[in-house]
Every structure is written in C-alpha cells, then in structure tokens.
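Colleague: Under the numbering used here, think of the first position of the sequence shown as 13, with each following residue one higher.
Every residue, glycine too, gets a C-beta built ideally from N, C-alpha and C.
Have a look at this one.
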Amino acid sequence: MKNNLSNIKKSKYYLDKGECVAIPTETVYGLAGNAYSNKATLKIFKLKKRTKKNPLIVHYNNLKMLSKDCITNSHFFKLYKKFCPGPLTFVLRLKKSTKISKYVTNSQNTLAVRFPNHLLTKKLLKLLNYPLAAPSANISTKISPVSIEDVKEEFGNKIKFILDGGRSKIGLESTIISLVDKPRILRLGGMERSKINKLLKKNIKFDKKEKINVPGQSKLHYSPGIPIKLNIIKPKSHEAFILIKKRKKSDKNYYYLSKTKNLKEAAKNLYKILRKIKNKNYKSIAVEKIPNIGFGEAINDRLKRASTK
Ligand code: TXA
Ligand code: MG
Numbered sequence: 013m014k015n016n017l018s019n020i021k022k023s024k025y026y027l028d029k030g031e032c033v034a035i036p037t038e039t040v041y042g043l044a045g046n047a048y049s050n051k052a053t054l055k056i057f058k059l060k061k062r063t064k065k066n067p068l069i070v071h072y073n074n075l076k077m078l079s080k081d082c083i084t085n086s087h088f089f090k091l092y093k094k095f096c097p098g099p100l101t102f103v104l105r106l107k108k109s110t111k112i113s114k115y116v117t118n119s120q121n122t123l124a125v126r127f128p129n130h131l132l133t134k135k136l137l138k139l140l141n142y143p144l145a146a147p148s149a150n151i152s153t154k155i156s157p158v159s160i161e162d163v164k165e166e167f168g169n170k171i172k173f174i175l176d177g178g179r180s181k182i183g184l185e186s187t188i189i190s191l192v193d194k195p196r197i198l199r200l201g202g203m204e205r206s207k208i209n210k211l212l213k214k215n216i217k218f219d220k221k222e223k224i225n226v227p228g229q230s231k232l233h234y235s236p237g238i239p240i241k242l243n244i245i246k247p248k249s250h251e252a253f254i255l256i257k258k259r260k261k262s263d264k265n266y267y268y269l270s271k272t273k274n275l276k277e278a279a280k281n282l283y284k285i286l287r288k289i290k291n292k293n294y295k296s297i298a299v300e301k302i303p304n305i306g307f308g309e310a311i312n313d314r315l316k317r318a319s320t321k
C-alpha cells in the first residue's frame, strides 16, 4: 500500500478521463467508472462482458452527493446511521433530476447505492465530483476478486490502473436491501441479516425476485467454472474438498475455510479458496455442510449459485 496519495491521484486522473480503474473495498474489489458518464459506464459493461440489463451499484462518499441522485426515507437513515460506511447496499428511487448515466440503471427508476468502508477508496471518492459505478471487478459470472492479484487474473492489462488496497477484509459482496417499497433483502452478503432485523425490529425477508430484471441475482454466478457439489461427507479422491474447519488428519486436496468453524473467517476465505482450486485444475469440487446461520447464509447462497449448471 505504498505511495497511496500518488496512486489515488493516478486513479483520479484516469477516472476523470472516463477510463475504468479497479478500486479496493472492504467487500470485494470493484471495477469503477464515473457514474455520470455514458462512456465510462459502457466501458465497465464491455470489460466485464456483462449484459446491459444488469444494473450497477454506485458508490458514494457522503449523503450530500447521494441526495442529488436519490430519494431517501426513514428506513434508509436508520440503516445509514448504524451501518455506513459498510457492506450494505440500498436500492432507492432515483430523482428525476439525476445525472446518473442511463446505462447504470438500464433506464429504470431505481438505483443501488453504497458507502464503501475502505480508507483509500474513501479518499479517492472525496477528490471526485461524481460518484463511482463499480460492480465487482471480475468477468461476468466468475469469482469476485479480493486482492489485486485476483483482479489481474480477471482482466490482465485490459484496465488502466488498479488501486492496491490490500486484501478485502470481508471478502463477500455487500448485502443488498431494497427500500423502494417494503424493505426486502435482494442479496445476502457482508452485512448479517440478523443485524438489520434487530435495528429495524422486523424480520426482513430475503427475496431474490426484484420487480426489475436483475440477472446477477438468480442465474449461475460466482462460478469457478467446474462442478460444485454441496453437503458432502466423503469426497471422491480426485476432487477438491472444501471444509468449514481444520481437521487433524488432512489430505492435499483439503481446503479449509476457517480454523475453528468461524463463519466470518470462512466468508473472507471463500473466494480465495475457490480461485486457488480453479487454478489447480481440479475437475470438480465437493463442499461439506456449512451451518446456515450468520455469514453461513451468504456463504451457502454463493456456493449454491456457483454450483448452478
Ligand atoms: O460489495 C459489493 O456490492 C461490490 C463492491 C465492489 O461494492 N459490488 C458488487 O457489484 O457486488 P455487482 O455489480 O457485482 O453486484 C451488484 C448487484 C447485481 O446483482 C445487480 O443486479 C444488483 O446489484 N443491482 C444493481 N442495481 C440494482 C437495482 N436498481 N435494483 C436491484 N438490484 C440491483
Ligand atoms: Mg458481481
């Protein structure tokens, strides 16, 4: 993380010109571009090979900037006060006067917004007079990146610059909550659902079926490109085996998500391990049962989608 300031300035230089830069966040790395620019946002879709039907998340540094683009409400302020900056994305209604590019939203009237909690990215956002559209910095449907090495693996030298912010602390994408009507969770992720429920004093449903078209939330996703089988007790000898906690007796095809069945640690390691296994040329992956509580909910969700054929 050397030369932070000059690297932040370099990122700004490219972003101001309408180029894409990969940025660190506490969840995963994002492929960022000026959210007000058609040119920059079109580049994001092209680089990721992403369908334009799948809208982008926009990253803000403060409420003042957000209020230019979105209509807020009381649920938003409650959650914002408690959890932002942090791994929570809000879907809000767009203001008519917004300058957000139509490509970001696929011309719809809602916007997904987030306040990332990473020092370098916060500093970068402060220097810009526009918010940053930034989907995860991976080729569409592939594994999200949690370090600059991962970003390089995805894009080679196709992007202008990667701002190195070290390994992502959370390692799973943000939780998405829609506040357009009744609060609904659209994606499980880095913010545990129980914390949101506690604050809003209700049980917010996980409801993948947003009214708008959001392919990223249902189809094959987060995929290492080889079959994944879940809830396995005994793997086949040629398979990579992902376990939730370390065993005394280990094999070279064993990969541990955590030492002691810690689900937060497991979430952080999930994508790194999937990427490692993919690069070792295994033909399939077996995963032992992961408890479906806390971060386990999001881990199981990602594994299920990664295993969709
Ligand atoms: O942690 C994260 O959220 C990371 C970092 C870089 O911030 N970003 C991220 O972006 O995961 P992406 O594009 O990979 O996932 C965003 C998801 C997509 O599934 C998209 O369909 C959904 O958010 N989305 C975007 N705009 C939406 C909207 N207006 N309504 C509902 N879902 C939306
Ligand atoms: Mg993604």
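#1: Within a Cβ cutoff of 7 Å, which residues of the same chain sit near K301, ignoring the five residues on either side of it in sequence?
#2: Suppose the cutoff is 6 Å on Cβ atoms and the five residues either side in sequence are ignored; what does the same chain contact list for A318 look like?
#3: Do you know how far the Cα of E166 is from the Cα of K214?
#4: Which runs of the beta strand (DSSP E) spanning at least 3 residues fall entirely within the stretch 74-130, listed in chain order?
#5: Within a Cβ cutoff of 8 Å, which residues of the same chain sit near C2, ignoring the five residues on either side of it in sequence?
#6: Within 10 Å of its beta-carbon, does F102 have 16 or more other beta-carbons around it, so buried, or fewer, so exposed?
#7: Which word fits E38, buried or exposed, when buried means at least 16 other C-beta atoms lie within 10 angstroms of its C-beta?
#8: So, helix, strand or coil for K135, using DSSP?
#9: Locate the alpha helix (DSSP H) running through N16, then write down its first and last residues.
#10: Going straight from the alpha carbon of N19 to that of D28, what length do you get?
#11: Per DSSP, I69 forms a beta bridge with which residues?
#12: Given a threshold of 16 other Cβ atoms within 10 Å of its Cβ, counted over all protein chains shown, does I305 qualify as buried or as exposed?
#13: Name, in chain order, the residues that DSSP records as bridge partners for L144.
#14: In this structure, how does DSSP classify K257 when only helix, strand and coil are distinguished?
#15: Please state whether DSSP places I297 in a helix, a strand or coil.
#16: Buried or exposed, going by whether 16 or more other CB atoms sit within 10 Å of the CB of R126?
#17: For the beta strand (DSSP E) containing I189, list its first residue and its last residue.
#18: Please work out which residues of its chain come closer than 8 Å, Cβ to Cβ, to K217, disregarding the five sequence neighbours upstream and downstream, and give them in chain order.
#19: Using a 10 Å radius around the Cβ and a threshold of 16 neighbouring Cβ atoms, would you call E161 buried or exposed?
#20: Leaving out five residues on either side along the sequence, give the residues of the same chain with a beta carbon under 6 Å from the beta carbon of F307.
#21: Which stretch, first to last residue, makes up the alpha helix (DSSP H) that contains R205?
#22: State the start and end residues of the unbroken beta strand (DSSP E) segment that holds I197.
#23: Does the stretch 124-138 come into contact with the stretch 244-262, if we say contact requires no fewer than three beta-carbon pairs (one atom in each stretch) closer than 8 Å?
#24: So the alpha helix (DSSP H) A278 belongs to, where does it begin and stop?
#25: Determine the direct distance from the alpha carbon of S148 to that of I155, and round the result to whole angstroms.
#26: Would the stretch 83-91 and the stretch 136-144 be scored as touching if the rule is three or more Cβ pairs under 8 Å?
#27: Taking DSSP as the reference, what is the three-state secondary structure of T272?
#28: Measuring only from the beta carbon, is P236 closer than 7 Å to any heavy atom that is part of the ligand TXA?
#29: Is it buried or exposed for N281, if we count other Cβ within 10 angstroms and need 16 for buried?
#30: Could you give the distance in angstroms between the alpha-carbon of K223 and the alpha-carbon of Y92?
#31: To the nearest angstrom, how far is it from the Cα of Y267 to the Cα of P36?
Modeller: Inspection of the coordinates gives the following:
#1: Counting from 1 along the sequence shown, the entry for residue 301 is found at position 289. Result list for K301: N243, in chain order.
#2: On the sequence shown, residue 318 is found 306 positions in, with the first residue counted as 1. Taken in chain order, the residues that qualify are Y234, S235 and I240.
#3: Here residue 214 refers to the residue found at position 202 of the sequence shown. Here residue 166 refers to the residue found at position 154 of the sequence shown. Approximately 40 Å, taken between the alpha carbons.
#4: 100-106 and 122-126
#5: This structure does not reach residue 2, given that the chain is present from 13 up to 321, and the question cannot be answered.
#6: Counting from 1 along the sequence shown, the entry for residue 102 is found at position 90. That one is buried.
#7: Against the sequence shown, residue 38 aligns to sequence position 26. Flag for E38 reads buried.
#8: For the purposes of this step, residue 135 is identified with residue 123 of the sequence shown, where counting begins at 1. Reduced to three states, the DSSP call for K135 is helix.
#9: One-based indexing of the sequence shown puts residue 16 at position 4. That run of the alpha helix (DSSP H) goes N16 to D28.
#10: In the sequence shown, residue 19 corresponds to position 7, counting from 1. In the sequence shown, residue 28 corresponds to position 16, counting from 1. Going by the C-alpha atoms only, they are around 14 Å apart.
#11: Within the sequence shown, residue 69 is the residue found at index 57, counting from 1. Beta-bridge pairing links I69 to A124.
#12: Taking the first residue of the sequence shown as 1, we reach residue 305 at position 293. Exposed: under 16 other Cβ atoms inside 10 Å.
#13: Residue numbering aside, residue 144 sits at position 132 when the sequence shown is read from its first letter. L144 pairs with N46 and H71.
#14: To locate residue 257, count along the sequence shown from 1; it is residue 245. In this structure, K257 counts as strand in the three-state DSSP scheme.
#15: Taking the first residue of the sequence shown as 1, we reach residue 297 at position 285. Residue state, collapsed to three classes: strand.
#16: Here residue 126 refers to the residue found at position 114 when the sequence shown is read from its first residue. Result: buried.
#17: For the purposes of this step, residue 189 is taken as residue 177 along the sequence shown, with counting starting at 1. Residues T187 to S190.
#18: The residue labelled residue 217 in the question sits at position 205 within the sequence shown. Excluding sequence neighbours, K217 sits near R196 and I197.
#19: Within the sequence shown, residue 161 is the residue found at index 149, counting from 1. Exposed.
#20: Here the question's residue 307 lines up with position 295 in the sequence shown. Once the five neighbours on either side are set aside, the close Cβ partners of F307 are L275, K276 and A279.
#21: One-based indexing of the sequence shown puts residue 205 at position 193. Note, R205: alpha helix (DSSP H), R205 to L212.
#22: What you label residue 197 is simply residue 185 of the sequence shown in a count that begins at 1. Run containing I197: R196 to R199, per the beta strand (DSSP E) assignment.
#23: no
#24: Mapped onto the sequence shown, residue 278 falls at position 266. It spans L275 to N291 - the alpha helix (DSSP H) in which A278 sits, taken as one unbroken run.
#25: Position 143 of the sequence shown holds residue 155. Position 136 of the sequence shown holds residue 148. Going by the C-alpha atoms only, they are around 9 Å apart.
#26: no
#27: Walking along the sequence shown from the start, residue 272 turns up at place 260. Correct three-state label for T272: strand.
#28: Translated into positions along the sequence shown, residue 236 becomes position 224. Checking every heavy atom of the ligand TXA against the Cβ of P236, none is found closer than 7 Å.
#29: Against the sequence shown, residue 281 aligns to sequence position 269. Counting Cβ neighbours within 10 Å, N281 comes out buried, since at least 16 surround it.
#30: In the sequence shown, the residue the question calls residue 223 occupies position 211. In the sequence shown, the residue the question calls residue 92 occupies position 80. Any reading at K223 needs caution, since the residue's pLDDT is 46, under 50, leaving its predicted position unreliable; the model's value is listed next. Whole-angstrom Cα-Cα distance: 24 Å.
#31: Along the sequence shown, one-based indexing puts residue 267 at 255. Along the sequence shown, one-based indexing puts residue 36 at 24. Taking the straight line joining both Cα atoms gives about 25 Å.
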